[in-house]
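Colleague: Numbering (the working numbering), first residue to last: 1126 to 1264.
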């Protein structure tokens, strides 16, 4: 039987994400690194090549599928060659099985929504009403 330290060590993942060459953002890899480094659930993100990055995360908190869904939804174009599709499917499957075996909630839709909400709350944008609450409720 595995000890708690061995199980915890198996939950720390390091995966490579590759981007498609043709994209309106010529350096989408750097843009993705900036985005991913601002997400609390991701431990570290670093560039490994001109169109690829390595992301470090804990499977207790987030999965590769959620990370890639987030990138796709934000307009990044991931590499879609056969090798990348196969390796991506294998990673998704093994991480899902590992999360299920450990009893970790596997609802990626909720995880993705929480990441978007957290990111939105920390961005500086003009969608916040700076009027004090007592003036907004004044009738």
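In this text, a Cβ means the ideal position worked out from N, Cα and C, and glycines have one as well.
What are the boundary residues of the beta strand (DSSP E) that residue 1172 is part of?
Modeller: 1167 to 1174
Colleague: Measure how close the beta-carbons of residue 1215 and residue 1144 come, nearest whole angstrom, since I'm counting them as under 8 Å.
Modeller: That belief does not hold up - the Cβ atoms of residue 1215 and residue 1144 are roughly 19 Å apart, past 8 Å.
Colleague: Check the C-beta distance from residue 1165 over to residue 1156 and give it rounded, since I have them as a contact under 8 Å.
Modeller: Their Cβ separation, rounded to whole angstroms, is 19 Å, which puts residue 1165 and residue 1156 out of contact at 8 Å.
Colleague: Does the beta-carbon of residue 1138 have 16 or more other beta-carbons within 10 angstroms, so that it is buried, or is it exposed?
Modeller: When all chains shown are included, residue 1138 counts as buried.
Colleague: Can you name the start and end residues of the beta strand (DSSP E) that residue 1188 belongs to?
Modeller: Counting along the chain, residue 1188 falls outside any beta strand (DSSP E), and DSSP gives it neither H nor E.
Colleague: As a quick exercise: from 1136, 1220, 1205, pick the residue whose alpha carbon is nearest that of residue 1176.
Modeller: 1205
Colleague: Report, in whole angstroms, the separation of the C-beta atoms of residue 1178 and residue 1158, which I expect to be a contact under 8 Å.
Modeller: The Cβ separation is near 6 Å, so the contact holds.
Colleague: Quick one, which of 1173, 1224, 1218, 1187 has its alpha-carbon nearest residue 1141's?
Modeller: 1173
Colleague: Using a beta-carbon distance below 9 Å, is residue 1229 in contact with chain C?
Modeller: Absent from the structure: chain C. Only one protein chain is present.
Colleague: Going by the CB atoms, is the gap between residue 1189 and residue 1229 shorter than 9 Å?
Modeller: no
Colleague: Between the beta-carbon of residue 1199 and the beta-carbon of residue 1160, is there less than 9 Å?
Modeller: yes
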